[in-house]
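> Got a structure here, written out as structure tokens. Questions coming.
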Amino acid sequence: MTKQVLSNRFTELLAIKARREKRRISQREVARETGLAKRTVDSYARNEVTRYDAPVVLALCKYLGCDAGELLVIEELESPEYKTVLLQAVGS
Numbered sequence: 275m276t277k278q279v280l281s282n283r284f285t286e287l288l289a290i291k292a293r294r295e296k297r298r299i300s301q302r303e304v305a306r307e308t309g310l311a312k313r314t315v316d317s318y319a320r321n322e323v324t325r326y327d328a329p330v331v332l333a334l335c336k337y338l339g340c341d342a343g344e345l346l347v348i349e350e351l352e353s354p355e356y357k358t359v360l361l362q363a364v365g366s
């Protein structure tokens with residue numbers, strides 16, 4: 275059995291931006307530049323977000339220079355993987 279989950283590519287897109295600009299970009303800088311809480315940016319970096327708020331997605335997309343469809347992706351997980359992701363999401 276497979277399950278679809280919504281995931282994000284924040285870390286990958288941030289690395290692409292850093293390479294393009296030839297500099298290191300910290301999560302703290304992203305928070306400062308976007309006006310988002312550092313905790314929110316950290317959650318995206320760890321791919322721990324389970325509720326995607328439109329203003330946050332829009333701010334990150336603007337900063338990263340991408341569309342929402344590039345930041346957010348649907349992944350197909352097999353049953354054992356799905357159980358692991360689900361347990362991590364609920365904190366077990």
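Sequential numbering of the sequence shown, starting at 275, is according to my numbering. C-beta atoms are modelled at their ideal positions from N, C-alpha and C, and glycine is treated no differently.
1) Measuring straight from C-alpha to C-alpha, what distance separates residue 349 and residue 343?
2) Between residue 320 and residue 335, what straight-line distance do the alpha-carbon atoms span, to the nearest angstrom?
3) How would you write the range of the beta strand (DSSP E) that residue 276 sits in, first residue to last?
4) Beta carbon of residue 280, beta carbon of residue 346: below 9 Å?
5) Taking residue 310 as part of the beta strand (DSSP E), name the residues at either end of that continuous run.
6) Under three-state DSSP, which class holds residue 322?
7) I'd like to know whether the C-beta atoms of residue 301 and residue 315 end up nearer to each other than 9 Å.
8) For the alpha helix (DSSP H) holding residue 336, just list the boundary residues, first then last.
9) Use the C-beta contact count for residue 332: other C-beta atoms within 10 angstroms, 16 or more gives buried, fewer gives exposed.
With the structure as the only source:
1) Taking the first residue of the sequence shown as position 1, residue 349 is located at position 75. Taking the first residue of the sequence shown as position 1, residue 343 is located at position 69. When rounded, the distance between both Cα atoms is 13 Å.
2) Here residue 320 refers to the residue found at position 46 of the sequence shown. Here residue 335 refers to the residue found at position 61 of the sequence shown. Approximately 17 Å, taken between the alpha carbons.
3) Reading the sequence shown from its first residue, position 2 is the one you call residue 276. Start and end: 276-282.
4) Mapped onto the sequence shown, residue 280 falls at position 6. Mapped onto the sequence shown, residue 346 falls at position 72. Contact flag set, yes.
5) Counting from one through the sequence shown, the residue named residue 310 turns up at place 36. Here residue 310 belongs to no beta strand (DSSP E), and DSSP marks it neither H nor E.
6) Residue mapping note: residue 322 aligns to position 48 of the sequence shown, counting from 1. In the structure shown, residue 322 sits in coil (DSSP, three-state: anything other than H, G, I, E or B).
7) In the sequence shown, counting from the first residue as 1, residue 301 sits at position 27. In the sequence shown, counting from the first residue as 1, residue 315 sits at position 41. For residue 301 and residue 315, yes; Cβs fall inside 9 Å.
8) Working through the sequence shown from its first residue, we reach residue 336 at position 62. Taken as a continuous stretch (DSSP letters only), the alpha helix (DSSP H) holding residue 336 covers 328-338.
9) For the purposes of this step, residue 332 is identified with residue 58 of the sequence shown, where counting begins at 1. Label assigned to residue 332: exposed.
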